[in-house]
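S.K.: Take the sequence shown: its position 32, counting from 1, is numbered 34 in the numbering used here, and each next residue is one higher.
Backbone N, C-alpha and C define an ideal beta-carbon position, used for all residues, glycine too.
Quick caveat: nothing in here was measured; it's all calculated off a predicted structure.
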Amino acid sequence: MTHTAPAPATVGPTDRGTRDRATDARTEGTPQHPAPTSAPDHAADVADVRRLVQDRAAAFRAGDAERLVADLLPDAVLFTLAPPLAQPAAAAHDVGALRAWFAGHGGRVGYEVTDLVVRIDGDLALCHSIDRMGAPDDTPGHRFDLWFRTTLGLCRVGGRWRVAHQHQSTPFHMDGSFRAAVDLRPGSDGDQG
Numbered sequence: 003m004t005h006t007a008p009a010p011a012t013v014g015p016t017d018r019g020t021r022d023r024a025t026d027a028r029t030e031g032t033p034q035h036p037a038p039t040s041a042p043d044h045a046a047d048v049a050d051v052r053r054l055v056q057d058r059a060a061a062f063r064a065g066d067a068e069r070l071v072a073d074l075l076p077d078a079v080l081f082t083l084a085p086p087l088a089q090p091a092a093a094a095h096d097v098g099a100l101r102a103w104f105a106g107h108g109g110r111v112g113y114e115v116t117d118l119v120v121r122i123d124g125d126l127a128l129c130h131s132i133d134r135m136g137a138p139d140d141t142p143g144h145r146f147d148l149w150f151r152t153t154l155g156l157c158r159v160g161g162r163w164r165v166a167h168q169h170q171s172t173p174f175h176m177d178g179s180f181r182a183a184v185d186l187r188p189g190s191d192g193d194q195g
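Below you can see the structure in the form of structure tokens.
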């Protein structure tokens, strides 16, 4: 990739910042996932995937629906925070609906990716992170601040990494109430982050 990612912006003050964990099993190795003996282009692949993830976050912050949709494969499957359980491919590529959602929040929605972990094998990549989305205090009627989990499955097609699958979720309380645990923050009670 030849483009550069803009400087990361945050939703608001956080002690986590926009850190990426350098825990790629193929480059560093772990007991569960030993590093390969030679992977000359692997570091560049990891950098490209990390750049794509951060570019998507920047596009989200900019309200750039076209840029977000451009990263999706035609048959991408998205499990987003909003219903339904799975978005049909046509809905995932609906630039107009995404623009309307951004406009409904005054076009000012923050997005931050933290604790990004990337694993690559050939033309397939898996990423997971703890993400933060929110609207500023001065967005009338639309203030929110939410931490959630994101997993991306990527495929390299024609030399370019594209999103094949996105899964976002928030935990829910297992006390019988089944309430979404949207009050969790990294490092808070009940969170190991």
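Would you decide whether M135 is buried or exposed? Buried here means 16 or more other CB atoms lie within 10 Å of its CB.
M.R.: buried
S.K.: Taking only the alpha-carbon atoms, compute the straight-line gap between V184 and H167 and give it to the nearest angstrom.
M.R.: In this structure, the straight-line span from the alpha carbon of V184 to that of H167 is close to 23 Å.
S.K.: Run through the DSSP bridge pairs and tell me what G112 is partnered with.
M.R.: According to DSSP, which records beta bridges pairwise, G112 is partnered with G136.
S.K.: Is the CB-CB distance between V79 and A102 below 9 Å?
M.R.: Between V79 and A102, the CB-CB gap reaches or exceeds 9 Å.
S.K.: Since F62 and V111 should fall inside the 8 Å C-beta cutoff, what is the C-beta to C-beta distance between them, to a whole number of angstroms?
M.R.: Yes, they are in contact, since the Cβ atoms of F62 and V111 sit about 7 Å apart, within 8 Å.
S.K.: Can you list, in chain order, the stretches of the alpha helix (DSSP H) that have 4 or more residues and sit fully within the segment 54 to 111?
M.R.: Positions of the alpha helix (DSSP H) runs, each at least 4 residues long and wholly inside the segment 54 to 111, are given as 67 to 72, 91 to 94, 97 to 106 in order along the chain.
S.K.: Excluding the 5 residues preceding and the 5 following E68 in the sequence, name in chain order all residues of the same chain whose CB lies nearer than 7 Å to its CB.
M.R.: V97
S.K.: Would you call D47 buried or exposed, if buried means 16 or more other Cβ atoms sit within 10 Å of its Cβ?
M.R.: buried
S.K.: Leaving aside the five residues before and after L156 along the sequence, list all residues of the same chain whose C-beta is less than 8 Å from its C-beta, in chain order.
M.R.: Cβ neighbours of L156 beyond the five flanking positions: V51, L54, L126, A127, L128, C129, W163, R164, V165, A166.
S.K.: What distance in whole Å lies between the Cβ atoms of A59 and E114, which are believed to be in contact at a cut-off of 8 Å?
M.R.: So it is a contact: roughly 7 Å between Cβ atoms.
S.K.: Using only CA atoms, which one of P85, L75, L148, L70 lies nearest to G160?
M.R.: L75
S.K.: Would D57 be called buried (16 or more neighbouring beta carbons within 10 Å of its own) or exposed?
M.R.: Classification for D57: buried.
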